[in-house]
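Throughout the sequence shown, residue numbering follows this note's numbering, covering 12 to 294 in sequence. Cβ atoms here follow ideal geometry from the backbone N, Cα and C, with glycine treated the same way. Notes follow once the structure below has been shown.
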Amino acid sequence: MSSDQRPAPVPRHALSPQDGVPAVKVGTRVSRGPGRVTALDGLRGIAVLAVLVFHAWPTFLRGGFVGVDMFFVLSGFLITTGLVRGVDAGRGVALGTFWMKRVRRLIPAMLMALVGTTALAWLAVDEFPAGLGRQWFGALTYTSNWVMILEGGDYFNRASPPLFEHLWSLAIEEQFYILWPLLLWGLLLLTWPPRSTVNSGRVADRRRILAVAVAAVASAAWMAWGSWHGFEQARLYFGTDTHAFGLLFGACVAIGLAHVPRPEHGGPEPRTSATRVAVAWGA
12 MSSDQRPAPV
22 PRHALSPQDG
32 VPAVKVGTRV
42 SRGPGRVTAL
52 DGLRGIAVLA
62 VLVFHAWPTF
72 LRGGFVGVDM
82 FFVLSGFLIT
92 TGLVRGVDAG
102 RGVALGTFWM
112 KRVRRLIPAM
122 LMALVGTTAL
132 AWLAVDEFPA
142 GLGRQWFGAL
152 TYTSNWVMIL
162 EGGDYFNRAS
172 PPLFEHLWSL
182 AIEEQFYILW
192 PLLLWGLLLL
202 TWPPRSTVNS
212 GRVADRRRIL
222 AVAVAAVASA
232 AWMAWGSWHG
242 FEQARLYFGT
252 DTHAFGLLFG
262 ACVAIGLAHV
272 PRPEHGGPEP
282 RTSATRVAVA
292 WGA
């Protein structure tokens, strides 16, 4: 082979110390372009159907409320995937951009829902729902779950549910969206490896997975402990701290799959594994 046909030497700083395999900078070990995962759309549909059937025919599907937890797992997975991609691309955790995107997406739709539902209730019922001001406050500040707790609400009592009771789950998600980017940023800093090699990056990922998994188990254990000791059902079911385990579990899966490379010669996408795990969790 002539000198002009020889491949360019790989820079020494890009080699792994073990076997000379090019080691990509930690946080950018793989390039996984954004794409819509249709399996997750299907999972959303299953979750919606389960919740609808549970509310319409509670005796037919007694566990249909678990669809809410399926949504939590999906939300934690998707939001963490987006945040990790931003870090991998060198953009870091852009908190302002992240939060403003949520505001632009949710506030207009929320206002329309509040105004429309209130108007219909005023026209359709003889007695206007009580506590509507507190419910509006909870909806606009994404604290509906805590408003429900203070009022002693019961998700499983269908005799006289509050007009905007269903916003409790959205409130938990939004509180997670406010806190989680900060916590994830701190977790990345604390576990950032001293050397940018493939092996050190894998060790860092394992530490992050372990930390988030411990937090998820702690949330579930806190709910179980409270139930065992007679805590109010509203406090356990609507509480952000006691009902964050699904979101954290989804985040744990996202971190675990963030740096799984695409198969070179076909085969299932790693995200398929995430979908299977989420389905198992929902079941």
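Beta-carbon proximity list for residue i, same chain, < 7 Å, skipping 5 on both sides
| i | result |
| --- | --- |
| R219 | L198, T202, I266 |
| S42 | Annotation note: pLDDT 40 at S42 (below 50); position unreliable, coordinate value reported separately. Answer for S42: no residue qualifies. |
| F260 | V84, G87, A227, W292 |
| R217 | none |
Residue i to residue j span [Cα, whole Å]
| i | j | result |
| --- | --- | --- |
| A226 | V64 | 31 Å |
| I160 | S180 | 13 Å |
| D80 | Q244 | 16 Å |
| H66 | N156 | 18 Å |
| G53 | F187 | 24 Å |
| L194 | A100 | 19 Å |
| G127 | E176 | 15 Å |
| R55 | A215 | 31 Å |
| G107 | A120 | 21 Å |
| L151 | R115 | 13 Å |
| V264 | A182 | 22 Å |
| A224 | T92 | 16 Å |
| T70 | L200 | 48 Å |
| W239 | F109 | 38 Å |
| L221 | W196 | 16 Å |
| I189 | P173 | 26 Å |
| F242 | W68 | 28 Å |
| M111 | G142 | 30 Å |
| L134 | A235 | 42 Å |
Beta-carbon proximity list for residue i, same chain, < 6 Å, skipping 5 on both sides
| i | result |
| --- | --- |
| A61 | G75, G78 |
| V95 | A269 |
| A255 | S230 |
| A262 | G87, T91, V223 |
| E162 | none |
Beta-carbon spacing of residue i, residue j below 8 Å
| i | j | result |
| --- | --- | --- |
| R246 | G257 | no |
| A58 | F88 | no |
| F249 | G144 | no |
| W191 | I90 | yes |
| A130 | P140 | no |
Assigned exposure category for residue i - 16 Cβ within 10 Å defines buried
| i | result |
| --- | --- |
| E138 | exposed |
| T49 | exposed |
| R73 | exposed |
Cut-off 8 Å between Cβ atoms - residues of its own chain near residue i, not counting five sequence neighbours on either side
| i | result |
| --- | --- |
| D252 | S230, W233 |
| L125 | W147, A150, L151, F175 |
| E185 | R113, L117, Y153 |
Nearest-angstrom beta carbon gap, residue j and residue i [assumed within contact, 8 Å]
| i | j | result |
| --- | --- | --- |
| L178 | G149 | 7 Å |
| Q146 | V136 | About 15 Å separates the two Cβ atoms, so there is no contact after all. |
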